[in-house]
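S.K.: Below are the structure tokens for one structure; questions will follow.
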Amino acid sequence: MNRTQLLSAASTIAVLSLAAAAPAMAQTKFEFWYGLSGDLSEKVQEMCSRFNASQADYEIVCVSQENYENNLQNTIAAFRANKQPTVTQISDGGVVDLMLSGAFLPVKQLMEDNGYNIDWSNYNSGVASYFSTSTGELLAMPFNNSTAMFYYDTDALAAVGFEGVPETWEQVEDAARKLKEAGYSCPIAMDPTGNWQWWEQFSAIHNVPIASNGNGYGGLDAEVLFNQGKFVDQLAFYKRMFDEGLMVHKSKAAGQTANEAFIAGDCNMTSSSIADHGTFSTQKKGNWQVAMLPIWEGTVRQNSLVGGAALWTLKGKSAEEYKGAAAFYNFIAQPEQAQHWSTITGYIPVTVSGFEAMKAAGFYDKAPYKGRELAIESLLYTPAGEYTRGVRLGNFGAVRQEVIKAMQSVIFDNADPQAALDEAAARSNEILRKFEQTYAGQKLP
Amino acid sequence: MERRAVYRNKVLPWMLLGPQLILVLVFFYWPTSQALYWAFTLEQPWGGGNLWAGLDNFLYIFRDNRYWGTVLRSAFYAMCTTGLSMLVALTLASFVDRALKGTKIFQSVFIWPYAIAAPAAGVAFRFIFSPEAGLVGGINEIWPGIWDPSTNGIQALGMVIICHAWLGIGYNFVFFLAALQMIPRSISEAGAMDGARPLQRMFDLQLPLIAPTAFFLLIMNIISSFTDSFGLIDTMTEGGPVGQTEVMVYKIYVDGFKGLDYSGAAAQSIVLMLLVIGLTFIQFKWVERRVHYN
Amino acid sequence: MIERSPFFDAVTYAVMIIGLAMVIFPFWVVIVAASQSLHEVSRVPIALWPSDQLWVNLAEAWDRGGLGTKMTNSFIVAVGVTVGKITLAAMSAFAIVFFTFRARMVCFWLIFITLMLPLEVRIVPTYAIAANALLPFQTILDTVGITWLVQQVSGFQIALNWNLLNSYTGLILPLVATATGTFLYRQFFMTIPDELAEASKMDGASAMRFFWDVLIPLSRTNMLALATIMFVSSWNQYLWPLLITTDRANFGTAVMQLRFLIPTMNGTPDWNVTMAGALIIMLPPLLVVALMQRWFVRGLISRDK
Chain A
1 MNRTQLLSAA
11 STIAVLSLAA
21 AAPAMAQTKF
31 EFWYGLSGDL
41 SEKVQEMCSR
51 FNASQADYEI
61 VCVSQENYEN
71 NLQNTIAAFR
81 ANKQPTVTQI
91 SDGGVVDLML
101 SGAFLPVKQL
111 MEDNGYNIDW
121 SNYNSGVASY
131 FSTSTGELLA
141 MPFNNSTAMF
151 YYDTDALAAV
161 GFEGVPETWE
171 QVEDAARKLK
181 EAGYSCPIAM
191 DPTGNWQWWE
201 QFSAIHNVPI
211 ASNGNGYGGL
221 DAEVLFNQGK
231 FVDQLAFYKR
241 MFDEGLMVHK
251 SKAAGQTANE
261 AFIAGDCNMT
271 SSSIADHGTF
281 STQKKGNWQV
291 AMLPIWEGTV
301 RQNSLVGGAA
311 LWTLKGKSAE
321 EYKGAAAFYN
331 FIAQPEQAQH
341 WSTITGYIPV
351 TVSGFEAMKA
361 AGFYDKAPYK
371 GRELAIESLL
381 YTPAGEYTRG
391 VRLGNFGAVR
401 QEVIKAMQSV
411 IFDNADPQAA
421 LDEAAARSNE
431 ILRKFEQTYA
441 GQKLP
Chain B
1001 MERRAVYRNK
1011 VLPWMLLGPQ
1021 LILVLVFFYW
1031 PTSQALYWAF
1041 TLEQPWGGGN
1051 LWAGLDNFLY
1061 IFRDNRYWGT
1071 VLRSAFYAMC
1081 TTGLSMLVAL
1091 TLASFVDRAL
1101 KGTKIFQSVF
1111 IWPYAIAAPA
1121 AGVAFRFIFS
1131 PEAGLVGGIN
1141 EIWPGIWDPS
1151 TNGIQALGMV
1161 IICHAWLGIG
1171 YNFVFFLAAL
1181 QMIPRSISEA
1191 GAMDGARPLQ
1201 RMFDLQLPLI
1211 APTAFFLLIM
1221 NIISSFTDSF
1231 GLIDTMTEGG
1241 PVGQTEVMVY
1251 KIYVDGFKGL
1261 DYSGAAAQSI
1271 VLMLLVIGLT
1281 FIQFKWVERR
1291 VHYN
Chain C
2001 MIERSPFFDA
2011 VTYAVMIIGL
2021 AMVIFPFWVV
2031 IVAASQSLHE
2041 VSRVPIALWP
2051 SDQLWVNLAE
2061 AWDRGGLGTK
2071 MTNSFIVAVG
2081 VTVGKITLAA
2091 MSAFAIVFFT
2101 FRARMVCFWL
2111 IFITLMLPLE
2121 VRIVPTYAIA
2131 ANALLPFQTI
2141 LDTVGITWLV
2151 QQVSGFQIAL
2161 NWNLLNSYTG
2171 LILPLVATAT
2181 GTFLYRQFFM
2191 TIPDELAEAS
2201 KMDGASAMRF
2211 FWDVLIPLSR
2221 TNMLALATIM
2231 FVSSWNQYLW
2241 PLLITTDRAN
2251 FGTAVMQLRF
2261 LIPTMNGTPD
2271 WNVTMAGALI
2281 IMLPPLLVVA
2291 LMQRWFVRGL
2301 ISRDK
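Chains A, B and C, in that order, are what the protein sequence lines are. Counting from 1, one number per residue, gives the positions in the first sequence under the numbering used here. Counting from 1001, one number per residue, gives the positions in the second sequence under the numbering used here. Counting from 2001, one number per residue, gives the positions in the third sequence under the numbering used here.
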């Protein structure tokens, strides 16, 4: 990635020259905690130093908290101790809790108060609706947004005579079977803890509800519905794929994650975020492709869910720090910065104009970026509907864990899919009721 | 406590006790009362308010069969780690007690595990048991897929138990050896002269004499199975697969800090605290009976 | 002992050697893996013999884990807890054993009860006040009405705030606040003959003089014993530092760092570096136990009996 190196070298020089030239001026420091690690964490750090190099009034200190879950946990601990960062990155799992907590400043208001004029309508509607109130007021700054994609090793698939794109589950199964017969030990790498791509996205593109009340958007009294119909069949399908050795368990606990297995060439297909496109391009050898998530034949494809996280501004900081945060948001919203961020990672451009500009410039036409436009296509496949705009459930992180447990107990311990999902649903509903009770009398904004 | 206390002073003892009492108040009694309060309310994760919930949190966990599963698992875990660790330590101690030449070296090494942090042992054993690495995982070369603690809950739990038992060897060994050495030689010798074989002597003479130590260790091991297990599980399995290595302390952590249900976790904490207090109380009764104060 | 039959001696050695192998094996694996290259450590089955990459791996682990800061932090915490506990415990045990005052037994029990509940067991409650350790005092002031009074008189609202997140005090104090040391000292002070105190009294020495000149020198062994135990146990703390530090780069401890050395981050199963990290982190307490074994064993036994 010569271009990246060049850019980071340039920014380093900029920092150095700034450090040398800048007069001794009181800088406002503020913290930004994020939940990415490894390769993506380095990219965030790069954005931070670019921001610091671009101006002299503020210094952003960016701290990795390993993953979204840990970042949420630590942000809460810090908030309770009044030591919170000014900006924190919260993903879909923690959105409702934060929305009801009143612990944040809505981004729209923040930007207006600090004199920045942002064209909010320019934001990709799917992204905006995930982090907005029901009346459409954006609460957090969209930053790293993505959707789930299907990745496949074209060399391996071609070697066993599978040509074209595995667009349907039938084709995926066919390709996996051919690979298996040809002696490939791991046709599809699958991690049941990645239920965002294997479960929630599945529900969106097949238009089946995860929860009542429009996936929870209609109010806190929603109940989960993932123990019915297509979900049960899908879990049974995964189980069968595992039993036949077409899917293989790859996870942190197993010593190699699905992405690592795909990069190493140990597995030939997997599903992951478009955000990993950048990492795959730099690390994976050989030919591979990205596609929209597979769908069952005979179903009408819907748009997929927005994933990733947004930047939330927490209450209890000084006006100066808020100015800094606003400046940072303004910085990442600049077309050239947004494009840079999207280039080095794989995250989608969050604005419509950003995407159009990149498309017009031919960004998506050639390797290594070719294929990334499919993520946008997947997100905009149909207008966001009741079950495809997102999931808005209280303590969603805990509900997710229930689904993961159900998937694992079916796949690892041969539990009956229907029974396992029924139990997960019952427990999830209890979590939701408890959450509703904790915030009794409050409504989703 | 029958000392003829010799100093009378109204202020000095309070000044001496002050720092410790304040620390104990701030870091022990206050938090405990706070936990009680949380356990009877619904605490909002981000702070900012709570609602009185009465016994709901307790009813919730007592009705939850997964909670009872965790309790049973904790009991099983405690039983296995305690049993294994004490058995190995007692065996080693009774042979070391023979004080043959060179025993000192063995004796020093047997204490080492006590020095190791649970997470450090966890990381080491995770490698030893890792399915893709070349130790226990080597078995997968012969029978592919036979060893995989990342999907097999029984294997995962077994692996954590073995590691925990190993960690406990040092501590148990120290106490067993001390207890054995305190038995007057004349007793064993008298037994030997009566023609008792070593094994028989072990059961008839030594075991009854070290029973108090064994009982003390039993309680300490059980308590340690509640505390040290956290570091092990967090580095080895993170409670998985499918929650099959979650014990009580780990569940409190997962529900409270990861699942953002502070109230439910507080209720579980109260239950665990009562349990540990109960165990210590039994032990204390025993100690009181056994230790003589001048 | 009694039987000196060569056969029984052989059995004894055999059992001890098996035991030694069992106890040593994990240490051996750590050292072996830490000295191998990535290629060697990934081999199935692995060679159980050290290779020549030890320094490389140690350096890599030191670097990757940021162990310079982390080891310093652990050291500060371990020494802080040790010193704090030895001092406070000696003082309070002295008060409890050598003084008569009304609330003596109440104080003893107040402190003693804390022995029962290790930090892990009451983690939720302790965490609750980590945000503001002065909360109990604030509550007292509020309830008694002092806050109100002061505000009426001076217009100043008392707001006590002292949070423990990301601080050495937060890492240290909750660990000092248990009774282990107090109990050990109490047991020891009980064995001091009354005559000693009486003699000192007759010489006209004050209570504090007796404490300094007689008790402290006499309890040197106990102090050392307590110090070794406290050092090891506070170095090895895991759950509490994990919750109380959100700023891992600056306030993380070495043991906390272990989890981040497990290979998952960068995709290569470089267990050799992980094991090198584990080796570094487990070394200080191991040295304490191995080198100060005599004190340590004594402390352990007299503490818990």
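Note that CB positions come from ideal geometry on N, CA and C, so glycine has one too.
Looking at G2065/C and Q2257/C, is the spacing between their C-beta atoms short of 8 Å?
M.R.: To locate residue 2257/C, count along the third sequence from 1; it is residue 257. To locate residue 2065/C, count along the third sequence from 1; it is residue 65. Closer than 8 Å, so yes.
S.K.: Report the three-state DSSP secondary structure of P1184/B (helix, strand or coil).
M.R.: Here residue 1184/B refers to the residue found at position 184 when the second sequence is read from its first residue. Coil, per DSSP.
S.K.: Taking three-plus beta-carbon pairs below 8 Å as touching, is the segment 210 to 219 of chain A in contact with the segment 251 to 271 of chain A?
M.R.: Taking 8 Å as the limit for Cβ pairs, the verdict is that the segment 251 to 271 of chain A does not touch the segment 210 to 219 of chain A.
S.K.: Excluding the 5 residues preceding and the 5 following A420/A in the sequence, name in chain order all residues of the same chain whose CB lies nearer than 7 Å to its CB.
M.R.: What you label residue 420/A is simply residue 420 of the first sequence in a count that begins at 1. A406, S409 and V410, listed in sequence order.
S.K.: Whole angstroms is fine: what's the gap from E163/A's alpha carbon to I344/A's?
M.R.: Against the first sequence, residue 163/A aligns to sequence position 163. Against the first sequence, residue 344/A aligns to sequence position 344. So the alpha carbons of these two residues sit roughly 30 Å apart.
S.K.: Under the DSSP definition of a beta bridge, which residues are partnered with W33/A?
M.R.: Taking the first residue of the first sequence as position 1, residue 33/A is located at position 33. DSSP output for W33/A lists V63/A and T88/A as bridge partner(s).
S.K.: Nearest chain C C-beta to K83/A closer than 8 Å, yes or no?
M.R.: The residue labelled residue 83/A in the question sits at position 83 within the first sequence. Cβ-Cβ to chain C under 8 Å: yes for K83/A.
S.K.: Can you tell me whether A22/A is buried or exposed? The criterion is at least 16 other CB atoms within 10 Å of its CB, across all chains shown.
M.R.: Locating residue 22/A in the first sequence gives position 22, counting from the first residue. Low confidence applies to A22/A: its pLDDT is 44, below 50, so where it sits in the model is not reliable, and the reading given next is rough at best. With fewer than 16 Cβ atoms within 10 Å of its Cβ, A22/A is classed as exposed.
S.K.: Could you give the DSSP three-state label for E402/A: helix, strand or coil?
M.R.: Translated into the one-based positions of the first sequence, residue 402/A becomes position 402. Helix, per DSSP.
S.K.: Return no unless some Cβ of chain B is closer than 8 Å to the Cβ of Q2053/C.
M.R.: The count along the third sequence starts at 1 and reaches residue 2053/C at position 53. No, Q2053/C does not count as interfacial toward chain B.
S.K.: Any chance you could list the beta strand (DSSP E) runs of at least 3 consecutive residues sitting entirely within the segment 160 to 223 of chain A, in chain order?
M.R.: Qualifying beta strand (DSSP E) stretches, in chain order: 188 to 190.
S.K.: Taking the straight line between their C-alpha atoms, what separation do you get for T1091/B and M1202/B?
M.R.: Position 91 of the second sequence, counted from the first residue, corresponds to residue 1091/B. Position 202 of the second sequence, counted from the first residue, corresponds to residue 1202/B. Distance between the alpha carbons of T1091/B and M1202/B: 10 Å.
S.K.: Within the same chain, show all residues whose beta-carbon is closer than 6 Å to that of S342/A, passing over the 5 residues directly before and after it, in chain order.
M.R.: Here residue 342/A refers to the residue found at position 342 when the first sequence is read from its first residue. For S342/A, where only same-chain residues beyond five positions count, the Cβ hits under 6 Å are P349.
S.K.: Grouping DSSP H, G and I as helix and E and B as strand, with all else coil, what is L138/A?
M.R.: Locating residue 138/A in the first sequence gives position 138, counting from the first residue. Strand at L138/A.
S.K.: For W2028/C, report the span of its alpha helix (DSSP H) as first-last.
M.R.: As a first step, residue 2028/C must be located in the third sequence, where it is residue number 28. Taken as a continuous stretch (DSSP letters only), the alpha helix (DSSP H) holding W2028/C covers P2006 to A2034.
S.K.: What distance in whole Å lies between the Cβ atoms of V2232/C and V2289/C, which are believed to be in contact at a cut-off of 8 Å?
M.R.: Taking the first residue of the third sequence as 1, we reach residue 2289/C at position 289. Taking the first residue of the third sequence as 1, we reach residue 2232/C at position 232. Confirmed, Cβ separation roughly 6 Å.
S.K.: Would you say S54/A lies against chain B (beta-carbon separation less than 8 Å)?
M.R.: If you number the first sequence from 1, residue 54/A lands on position 54. Cβ-Cβ to chain B under 8 Å: no for S54/A.
S.K.: Which chain A residues sit within Cβ distance under 8 Å of L2165/C?
M.R.: Taking the third sequence and counting its residues from 1, the one referred to as residue 2165/C is at position 165. Simply A77, A78, A81 and K83.
S.K.: Run through chain C and tell me which residues come within less than 8 Å of M1086/B, C-beta to C-beta.
M.R.: Your numbering for residue 1086/B matches position 86 in the second sequence. Under the 8 Å cutoff, chain C gives no residues; its nearest Cβ is about 14 Å from M1086/B.
S.K.: Mind listing the chain A neighbours of S1130/B? Cutoff is C-beta to C-beta under 8 Å, in chain order.
M.R.: For this step, residue 1130/B is matched to residue 130 along the second sequence. Residues of chain A passing the Cβ test: G255.
S.K.: Hey, out of F331/A, V232/A, V96/A and L293/A, whose CA is closest to F202/A's CA?
M.R.: In the first sequence, residue 202/A corresponds to position 202, counting from 1. The shortest Cα separation from F202/A among F331/A, V232/A, V96/A and L293/A belongs to L293/A.
S.K.: Measuring only the C-alpha atoms, how far is G245/A from G1137/B?
M.R.: Your numbering for residue 245/A matches position 245 in the first sequence. Your numbering for residue 1137/B matches position 137 in the second sequence. So the two alpha carbons sit approximately 20 Å from each other.
S.K.: Using a Cβ-Cβ cut-off of less than 9 Å, list which residues of the segment 2024 to 2043 of chain C approach chain B; keep chain order.
M.R.: Against chain B - using a Cβ distance shorter than 9 Å - the residues of the segment 2024 to 2043 of chain C are I2024, F2025, P2026, F2027, V2029, V2030, A2033, V2041, S2042 and R2043.
S.K.: Determine the closest residue to G194/A out of T88/A, I404/A, Q109/A and G362/A, with distance taken between C-alpha atoms.
M.R.: The residue you call residue 194/A lines up with position 194 of the first sequence. Answer by Cα proximity: I404/A.
S.K.: Can you give the beta carbon distance from M1248/B to T1070/B, rounded, assuming they're within the 8 Å contact cut?
M.R.: As a working note, residue 1248/B is residue 248 in the second sequence. As a working note, residue 1070/B is residue 70 in the second sequence. Right, their Cβ atoms sit about 6 Å apart.
S.K.: Which runs of the alpha helix (DSSP H), 4 residues or longer, sit entirely within the segment 338 to 414 of chain A?
M.R.: Runs of the alpha helix (DSSP H) inside the segment 338 to 414 of chain A: 352 to 360, 373 to 379 and 396 to 413.
S.K.: At 7 Å on the CB atoms, spell out the chain E contacts of N74/A, in chain order.
M.R.: Within the model displayed, chain E is absent; protein chains A, B and C are what it includes.
S.K.: What do you get for Q1034/B, buried or exposed, if any count of 16 or more other CB atoms within 10 angstroms of its CB means buried?
M.R.: Numbered from 1 along the second sequence, position 34 holds the residue referred to as residue 1034/B. Buried is the call here.
S.K.: Nearest chain C C-beta to T1032/B closer than 8 Å, yes or no?
M.R.: What you label residue 1032/B is simply residue 32 of the second sequence in a count that begins at 1. For T1032/B, the answer is yes, since a Cβ of chain C falls inside 8 Å of its Cβ.
S.K.: On a Cα-Cα basis, can you pick out the residue from M2292/C, S2167/C and F2007/C that is closest to V2077/C?
M.R.: Reading the third sequence from its first residue, position 77 is the one you call residue 2077/C. Considering only alpha carbons, the answer is S2167/C.
S.K.: So if I threshold CB-CB distances at 9 Å, which residues from the segment 372 to 405 of chain A count as touching chain B?
M.R.: Listed by position, the residues of the segment 372 to 405 of chain A near chain B (Cβ gap below 9 Å) are N395, G397, A398, Q401, I404 and K405.
S.K.: Give me the chain B residues within the contact set of E69/A, using Cβ-Cβ distance strictly less than 7 Å, ordered along the chain.
M.R.: As a working mapping, residue 69/A is identified with position 69 in the first sequence. Chain B residues near E69/A: K1258.
S.K.: Mark I2017/C as exposed unless 16 or more other C-beta atoms lie within 10 angstroms of its C-beta, in which case mark it buried.
M.R.: Position 17 of the third sequence holds residue 2017/C. Classification for I2017/C: exposed.
S.K.: Indicate whether V2121/C and E1141/B have their beta-carbon atoms separated by less than 8 Å.
M.R.: Position 121 of the third sequence holds residue 2121/C. Position 141 of the second sequence holds residue 1141/B. Cβ atoms of V2121/C and E1141/B: not closer than 8 Å.
S.K.: In whole angstroms, give me the CA-to-CA distance for L2119/C and S428/A.
M.R.: Position 119 of the third sequence, counting from 1, holds the residue named residue 2119/C. Position 428 of the first sequence, counting from 1, holds the residue named residue 428/A. Each residue's Cα considered, the two are about 31 Å apart.
S.K.: Throw me the rounded Cβ distance for the P142/A and F131/A pair, which I believe falls under 8 Å.
M.R.: Taking the first sequence and counting its residues from 1, the one referred to as residue 142/A is at position 142. Taking the first sequence and counting its residues from 1, the one referred to as residue 131/A is at position 131. About 6 Å; that satisfies the 8 Å criterion.
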